[in-house]
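Below is one structure, written out as structure tokens; comments come after it.
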Amino acid sequence: MSERDERLSRAASAALHATDGSDTAEPEAVEQSTVDGVNEFSETAAQLGLATTPVQPPASLRDELMARIALTPQLPAIDDGEAATGASAAPAVDAVTAASPTLRLPAAEPAADTAADAPDAPAASSARADSTVVEEPGPAERRAAARWRRPVGVLLAVAAASALFFGGLAIGTLSDSTPPSNPSQAEELAAIAAAPDSQRAVAEVAGGGTATLVWSGELGRSALLADGLAPLPADQTYQLWYIGEEGPVSAGTFEVSGKGTTWHVLEGEMSAGDTVGVTVEPSGGSDAPTSDPIVAIAS
Amino acid sequence: MLSAVSENPVAQSSAGNAELAAVLERVAAGDQLAFGELYDLTSARIFGLVRRLLVDHAQSEEVTQEVFLEIWQTAPRFDATRGAAMSWMMTMAHRRAVDRIRASQAGRDRDQRIGRRDLTVEYDDVAETVEITIEHERVARAMTRLTELQREAVSLAYYGGLSHSELAHHLDVPLGTVKTRLRDGMIRLRDELGVSA
């Protein structure tokens, strides 16, 4: 085979993804098959794809994705010749995905241990310079705790970096999450996460799991994402609260089914400085909290 | 529910490359509502291709989700001077579907899959719109210009997700022959379809 035939052969196989082993196993060989970084058969292969019959995916897939992307950072643009063919962009994404299991918090540490450390818990070092995570909301959280009707013993450490959240939750548990049934909630979450002043904070939940609050002061809205919360018996429900100067105000209830991720856009308006708390209440919810919060996150 | 596109097939099929590229540019800037638009314009194409390769509905949904997350993450790196937006996305979808096949399918499943399915272009599918019919027939016609052996190798590779060694085994020919058939088949296809790259 001539050198040109060899290159064309590699290009054809790369475009068809027919090379044995993973696509990225031999990046040099793939690179050598291109002309100025472009595989001359990739457009042809895409035409084969476009000849297949389109099939509408289930509507739930869109809702799920809108929520996912609201919480998933984009890769920075790059200027040099590395840019995006599907193949060359893959390693960076896969690295994030692959790293996620090791980035996750240990599932459920005994509440007493973490509670003792809570105010001083060091923030996990963030791998992302552009992180908007707000760490250690200690003083505000303590203020909120003081406003609670009962002494709060188990406010937990708020110490997690966005890398941990994005890696562990947003990408790691794609398939077993439970999106809300109302599709517009996904749009609302997207709007909150996309607001110019959007912020987020992560906290551990007493009894296991993590909770992430995403909020926008401008919109006066927030959403809570819970990962790994235990399902409750039928006569109980999780209830959300905005805790401000006036004390706790209900922001709706939510259920958790099975293991995985749930998220919920809070009802009502968020005021600056509000803390968001979650309690376990009798089914149907309560007018005022009847138990200690299992998690409280200061905004 | 899974069904062939009917609600808005024209948008799905005829979204011009310029329109898609413009939406993708907004996605690249972090515009989440634009991502919703992009999804609406392309999801049936992506899902259709992934399901063609994987057959299994649940896995196809998972992979489609992976593809769109990757589109979101890598949109800032899309370079319109290197190819069409739709092709960029279809390439990603095909690669992820093939990766899933390689990762999850045991050899026996694969043989059954090949035995059971028609791996050529779906001539008998009723295309839902004129637009799709045209694209479909253009490719189908181009495929007829390949030799039967080339068509078989290209179809098994693209629509069946078979690798070189699997093709060699399935067709009972040496690896070099497989590579040559794929190469010559793709050259002929490219020329017949008149695509630039």
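If you read the protein sequences in the order shown, they are chains A and B. Position 214, counted from 1, in the first sequence is what the working numbering calls 214; the numbers after and before it change by one each time, with no gaps. Position 77, counted from 1, in the second sequence is what the working numbering calls 376; the numbers after and before it change by one each time, with no gaps. Backbone N, C-alpha and C fix where the C-beta goes; we use that ideal spot for every residue, glycine too.
| Query | Result |
| --- | --- |
| Partner residues on chain A for H435 of chain B, Cβ-Cβ distance less than 9 Å | L50, A51, T52, T53 |
| Minimum Cβ-Cβ distance from I69 of chain A to chain B less than 8 Å | yes |
| Beta-carbon gap between T390 of chain B and S42 of chain A smaller than 8 Å | yes |
| Cβ pair count under 8 Å reaching 3, the region 216-223 of chain A against the region 183-192 of chain A | yes |
| Whole-Å CB distance - W371 of chain B paired with F334 of chain B, under 8 Å assumed | 6 Å |
| Endpoints, alpha helix (DSSP H) assigned at I78 of chain A | No alpha helix (DSSP H) contains I78 of chain A, which DSSP labels as neither H nor E. |
| Residue closest to A343 of chain B, alpha-carbon to alpha-carbon, out of A:N39, A:T52, A:Q236 | A:T52 |
| Proximity winner among B:M485, B:A327, B:D483, relative to T373 of chain B (alpha-carbon distances) | B:A327 |
| Proximal residues to G268 of chain A (C-beta, below 7 Å), its chain only, five neighbours per side dropped | Y242, V249, A251 |
| E369 of chain B - containing alpha helix (DSSP H), residue span | 356-373 |
| Distance cut-off 7 Å: T53 of chain A Cβ against heavy atoms of the ligand MG | Absence of the ligand MG is noted for the structure shown, with no ligands found whatsoever. |
| Cβ pair count under 8 Å reaching 3, the region 446-465 of chain B against the region 65-73 of chain A | no |
| Short CB-CB distance (under 8 Å) between E246 of chain A and chain B | no |
| Within chain B, the residues that A223 of chain A reaches when beta carbons sit closer than 7 Å | Neighbours of A223 of chain A on chain B: none; closest Cβ ~13 Å, over 7 Å. |
| Contact with chain A by E360 of chain B, beta-carbon distance below 8 Å | yes |
| Test: G37 of chain A CB closer than 8 Å to a CB of chain B | yes |
| Buried or exposed (CB count within 10 angstroms, at least 16 for buried), E447 of chain B | exposed |
| Test: A317 of chain B CB closer than 8 Å to a CB of chain A | no |
| Residues that Q74 of chain A contacts on chain B, provided the C-beta gap is smaller than 7 Å | G329, W371, Q372, A374, P375 |
| Y242 of chain A - partner residues in DSSP beta bridges | A:V249, A:V276 |
| Interface residues of chain E facing I78 of chain A [CB-CB closer than 9 Å] | Going by chain labels, chain E is absent from the structure shown, which instead holds the protein chains A and B. |
| Euclidean distance between Cα positions of A59 of chain A and Y338 of chain B | 11 Å |
| Within 8 Å, strictly: CB atoms of H17 of chain A and R394 of chain B | yes |
| As assigned by DSSP and simplified to three states, the class of D490 of chain B | helix |
| I400 of chain B, buried or exposed, once every other Cβ within 10 Å from all chains shown has been counted against 16 | buried |
| Min CB distance S257 of chain A to chain B below 8 Å | no |
| Alpha-carbon spacing of D378 of chain B relative to G49 of chain A, whole angstroms | 20 Å |
| Nearest to T237 of chain A (by Cα), restricted to the options A:E255, A:A15, A:E246, A:G247 | A:E255 |
| V352 of chain B to Q239 of chain A span [Cα, whole Å] | Residue identity differs from the one stated: residue 352 of chain B is Leu in this sequence, not Val. If I take the Cα positions, the gap works out to 44 Å. |
| Contacts of Q364 of chain B in chain A (Cβ-Cβ under 7 Å) | L61, E64, L65, L174 |
| Closer than 8 Å to chain A by CB, S464 of chain B | yes |
| Nonlocal neighbours in the same chain, by C-beta distance under 7 Å from I486 of chain B, ignoring five residues either side | none |
| Inter-residue Cα distance where the pair is R440 of chain B and E451 of chain B | 15 Å |
| Residue-chain proximity (D227 of chain A, chain B), Cβ-Cβ < 8 Å | no |
| 8 Å contact criterion, which D197 of chain A and S184 of chain A should meet: CB distance rounded | About 22 Å; that fails the 8 Å criterion. |
| Residue-chain proximity (S386 of chain B, chain A), Cβ-Cβ < 8 Å | yes |
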